[in-house]
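Student: Here it is, the structure in full.
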Amino acid sequence: MRRNYANFAEIMAYYLTIDQGNTCVKVDIWDGNSDKIVASRTFDTLQVSDLKMLCNGHKPSASIYCTVSERDRIIIESLASLTPHAVEMSVDMPMPVRIAYTTPRTLGLDRVAAAIGAYSLCKANRDILVIDIGTAITYDIVSADGIYRGGNIAPGVDMRLRALNHFTARLPLVTIDDTTDVPQWGTDTVSALRAGALEGVVGEILHYRNNAGAGAHIVVTGGQAPLILRHLPFQPITHPHLVSLGLYTILRYNFEQ
5 MRRNYANFAE
15 IMAYYLTIDQ
25 GNTCVKVDIW
35 DGNSDKIVAS
45 RTFDTLQVSD
55 LKMLCNGHKP
65 SASIYCTVSE
75 RDRIIIESLA
85 SLTPHAVEMS
95 VDMPMPVRIA
105 YTTPRTLGLD
115 RVAAAIGAYS
125 LCKANRDILV
135 IDIGTAITYD
145 IVSADGIYRG
155 GNIAPGVDMR
165 LRALNHFTAR
175 LPLVTIDDTT
185 DVPQWGTDTV
195 SALRAGALEG
205 VVGEILHYRN
215 NAGAGAHIVV
225 TGGQAPLILR
235 HLPFQPITHP
245 HLVSLGLYTI
255 LRYNFEQ
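Counting from 5, one number per residue, gives the positions in the sequence shown under my numbering.
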């Protein structure tokens, strides 16, 4: 059941979002008046002391916690004392996007949050293809009428490079980041591996863009998005905090309706 606070919008100043991913924890504080992030930190491991320090400058009135890994019980319990209203994201809570997924409880909550963030960002007059480029790459479709239709999951760039090293006898393990100069065609084994992984992702994105239809919004986010964006032959909509925007949108939707 959606919580109802008659004067919640009037007393609300700041919102705290926690996105616990596969490799790090992202914590943002949003200004409820400007809809802008006023404080942002990324942690390898989040401690209660980190939260307290971040909240000192901006006292959040509500918080939302989302994880794709194991629930951090200590962090969840600490939110109840740090913010007057604390919620843990689930597919059962009211959302501005309807989930049309056969097994919603197996759907990554970060994918749901990113989809809602994109829907909020685009104001929903067309279908939206949401591409989150991280450890894995997810491709999700939200229809113009606000229905999450589903999506696909593919290996990220680093995962492809690690797999090539792991499942072959002689291919080396190489790394890549957004400062790496990657040729279109490799001229040695290292550059061939990098170009193969990167060009594979670029081609994959173009394939999904084509499947989404000519009129669809394309929204890109994720830790490895900067690496891929400079190689795309088109300019998508980008947002570095798309999951956080989705969590912020969900939080306001639950407390202000």
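Glycine included, C-beta positions come from ideal geometry on N, C-alpha and C. Computed from a prediction, not measured in an experiment: that's the story for all the values here.
1) Spatial neighbours of Val72 within its chain, please: CB distance less than 8 Å, with the 5 preceding and 5 following residues excluded, ordered by chain position.
2) Considering only residues of the stretch 8-69, which uninterrupted beta strand (DSSP E) runs meet the minimum length of 3 residues and lie entirely inside it, listed in chain order?
3) How should Asp32 be labelled, buried or exposed, when 16 other C-beta atoms within 10 angstroms of its C-beta is the threshold for buried?
4) Entirely within the stretch 102-168 and at least 3 residues each: give me those beta strand (DSSP E) ranges in chain order.
5) For Leu133 versus Ala216, is the C-beta spacing smaller than 8 Å?
6) Report back the beta-carbon spacing between Leu231 and Leu197 to the nearest angstrom; my notes put them in contact at under 8 Å.
7) Are the beta-carbon atoms belonging to Arg130 and His221 less than 8 Å from one another?
8) Does the pairing of the stretch 59-78 with the stretch 229-244 give three or more beta-carbon distances under 8 Å?
9) For the alpha helix (DSSP H) holding Glu81, just list the boundary residues, first then last.
10) Give the DSSP-derived three-state secondary structure of Thr253 in the structure shown.
11) Does the Cβ-Cβ distance between Ile151 and Ala104 come in under 8 Å?
12) What does a CB cutoff of less than 8 Å around Pro88 pick up in its chain, not counting 5 residues either side in sequence?
13) May I ask you to report which of helix, strand or coil DSSP gives His211?
14) Could you give the first and the last residue of the continuous beta strand (DSSP E) run that contains Ile222?
15) Would you mind reading off the limits of the beta strand (DSSP E) that contains Ala90?
16) Along the chain, where does the alpha helix (DSSP H) containing Ala173 start, and where does it finish?
17) Note down, in chain order, each residue of its chain lying with its Cβ closer than 7 Å to the Cβ of Ile78, except the 5 sequence neighbours on either side.
18) Considering only the alpha carbon of each residue, which of Gly121, Val161, Asp144 and Leu20 lies closest to Gly154?
19) Along the alpha helix (DSSP H) that carries Ile232, what are the first and last residues, could you check?
20) Please classify Thr193: does DSSP put it in a helix, a strand, or coil?
21) Measuring only the C-alpha atoms, how far is Ala218 from Ile41?
22) If you reduce the DSSP assignment to three classes, tell me which class Pro244 lands in.
23) Please report the distance separating the alpha-carbon of Gly138 from that of Val161.
24) What's the C-alpha gap between Thr263 and Asp149?
25) Note down the Cα distance separating Gln239 from Glu81, rounded to an integer number of angstroms.
26) Hey, how far is the Cα of Asp192 from the Cα of Glu260?
27) Pull up the CB-CB distance for Ala201 and Leu236, whole angstroms please, since I reckon it's below 8 Å.
Tutor: Let me spell this out:
1) Here residue 72 refers to the residue found at position 68 when the sequence shown is read from its first residue. Gln24, Gly25, Asn26, Gly112, Leu113 and Asp114, listed in sequence order.
2) Taking only runs of at least 3 residues, the beta strand (DSSP E) segments lying wholly in the stretch 8-69 are 18-24, 29-35 and 40-47.
3) Stepping through the sequence shown from its first residue, residue 32 is reached at position 28. Looking at its Cβ environment, which holds 16 or more other Cβ atoms inside 10 Å, Asp32 is buried.
4) Look at the stretch 102-168 and you find these whole runs of beta strand (DSSP E), each 3 residues long or longer: 132-137, 140-146 and 151-159.
5) Walking along the sequence shown from the start, residue 133 turns up at place 129. Walking along the sequence shown from the start, residue 216 turns up at place 212. Between Leu133 and Ala216, the gap from beta carbon to beta carbon is short of 8 Å.
6) Along the sequence shown, one-based indexing puts residue 231 at 227. Along the sequence shown, one-based indexing puts residue 197 at 193. Not confirmed; about 14 Å, so no contact.
7) On the sequence shown, position 126 is the one that residue 130 refers to. On the sequence shown, position 217 is the one that residue 221 refers to. Contact flag set, yes.
8) Proximity of the stretch 59-78 to the stretch 229-244 falls short of the contact definition, fewer than three beta-carbon pairs being nearer than 8 Å.
9) Here the question's residue 81 lines up with position 77 in the sequence shown. First-last of the alpha helix (DSSP H) with Glu81: Arg77 to Leu86.
10) Walking along the sequence shown from the start, residue 253 turns up at place 249. In this structure, Thr253 counts as helix in the three-state DSSP scheme.
11) Your numbering for residue 151 matches position 147 in the sequence shown. Your numbering for residue 104 matches position 100 in the sequence shown. Yes. Within cutoff.
12) On the sequence shown, residue 88 is found 84 positions in, with the first residue counted as 1. If the five residues before and after Pro88 are omitted, its C-beta is found closer than 8 Å to the C-beta atoms of Ser65 and Ala66, all from its own chain and listed in chain order.
13) Translated into the one-based positions of the sequence shown, residue 211 becomes position 207. When DSSP states are grouped into helix, strand and coil, His211 belongs to the helix group.
14) Numbered from 1 along the sequence shown, position 218 holds the residue referred to as residue 222. Residue range His221 to Thr225 is occupied by the beta strand (DSSP E) that includes Ile222.
15) Locating residue 90 in the sequence shown gives position 86, where the first residue counts as 1. Per DSSP, Ala90 belongs to the beta strand (DSSP E) from His89 to Glu92.
16) By one-based count along the sequence shown, residue 173 stands at place 169. Per DSSP, Ala173 belongs to no alpha helix (DSSP H) and is neither H nor E.
17) In the sequence shown, the residue the question calls residue 78 occupies position 74. Cβ neighbours of Ile78 beyond the five flanking positions: Val52.
18) Residue mapping note: residue 154 aligns to position 150 of the sequence shown, counting from 1. Distances from the alpha-carbon of Gly154 to those of Gly121, Val161, Asp144 and Leu20 put Asp144 closest.
19) Along the sequence shown, read from residue 1 onward, the residue named residue 232 stands at position 228. Looking at the DSSP string, the run of the alpha helix (DSSP H) that includes Ile232 is Ala229 to Leu233.
20) Counting from one through the sequence shown, the residue named residue 193 turns up at place 189. For Thr193, the three-state secondary structure derived from DSSP is helix.
21) Mapped onto the sequence shown, residue 218 falls at position 214. Mapped onto the sequence shown, residue 41 falls at position 37. Looking at the two C-alpha atoms, the distance is approximately 32 Å.
22) Taking the first residue of the sequence shown as 1, we reach residue 244 at position 240. Three-state DSSP puts Pro244 in coil, outside helix and strand.
23) Working through the sequence shown from its first residue, we reach residue 138 at position 134. Working through the sequence shown from its first residue, we reach residue 161 at position 157. It is roughly 8 Å from the alpha-carbon of Gly138 to the alpha-carbon of Val161.
24) In the structure as shown, the chain begins at 5 and stops at 261. Residue 263 is therefore absent and cannot be evaluated.
25) Reading the sequence shown from its first residue, position 235 is the one you call residue 239. Reading the sequence shown from its first residue, position 77 is the one you call residue 81. Distance from the CA atom of Gln239 to the CA atom of Glu81, rounded to whole angstroms, is 42 Å.
26) As a working mapping, residue 192 is identified with position 188 in the sequence shown. As a working mapping, residue 260 is identified with position 256 in the sequence shown. When rounded, the distance between both Cα atoms is 57 Å.
27) Residue 201 sits at position 197 when you count from the first residue of the sequence shown. Residue 236 sits at position 232 when you count from the first residue of the sequence shown. Contact doesn't hold; Cβ gap of about 15 Å is too wide.
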